[in-house]
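In terms of our numbering, the sequence shown opens at residue 357 and continues consecutively.
Everything on this sheet refers to the single structure shown next.
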Amino acid sequence: MLEFRNIVTTFLTWNDKILLMKRGSNRKIAPNLWFGVGGHMEPEEINNPYRSMYREILEETGIDKKGILELNLRYILYSRDPEIDEMVVNHIFFGKVKSPYFRPNDEGSLHWIEKDQVLKRPYHPAMKWVLERYINYGEEEMLFGVVDWNKLSIHWHPL
């Protein structure tokens, strides 16, 4: 039976930099790859990805709501994992913070990366495609995306 995993991912910006996490080598999912801040949605958060996103930002960076200037849901991405019978639903946010200060965490190491250097890091393929879209088109309308593993791309649709 197909299982669903609901997650949130947030890419925070400050000046012309994006906060990225290099995941630790001990992580079960995507060890040593770069990601935004985020994680799974708790059962009581399934209908409110914003609540989950704020919790994950606080847990992984120490930045609370007061430290965030702007935060927008930009992409909702569906991806059926080709190796296991699972559908990942990723709510992807982009936002701006007041300052570059964050608290380290045990999931990986956080780094402010210049926007023109972001795509030079190793990512899970779907995250790289999301970041390419964001860097090439910026803060556009909210989009729904479906990962096509056969064509190694995302099919984007406006919401």
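Think of the CB as a built atom: it goes at the ideal place given N, C-alpha and C, for glycine as much as any other residue.
- Residue burial is scored here from C-beta neighbours: Asn446 has at least 16 other C-beta atoms within 10 angstroms and is therefore classed as buried.
- The stretch 496-506 makes no contact with the stretch 400-416, as fewer than three CB pairs between them are under 8 Å.
- Taking C-beta separations shorter than 7 Å and ignoring five residues to either side along the sequence, the partners of Gly418 in its chain run Phe458, Arg459, following chain order.
- Going by beta carbons, Gly394 and Thr365 fall inside the 9 Å limit.
- DSSP lists Leu433, Trp512 as the beta-bridge partner residues of Gly501.
- Gly464 is classed as buried because its beta carbon has at least 16 other beta carbons within 10 Å across all chains shown.
- DSSP lists His396, Asn446 as the bridge partner or partners of Ile363.
- With a 10 Å radius around the Cβ and a threshold of 16 neighbouring Cβ atoms, Phe449 comes out buried.
- Note: Thr369 is bridge-paired with Ile374, Lys452 in the DSSP secondary-structure output.
- Of all alpha-carbon atoms in Leu508, Arg477, Lys471, the one lying nearest the alpha-carbon of Asn492 is that of Lys471.
- Under the three-pair Cβ rule at 8 Å, the stretch 385-392 does not count as touching the stretch 430-443.
- Asn428 is bridged by DSSP to Phe450.
- Using a Cβ distance threshold of 9 Å, Tyr490 and Phe367 count as a contacting pair.
- In the three-state scheme derived from DSSP, where H, G and I count as helix and E and B as strand, Leu389 is classed as coil.
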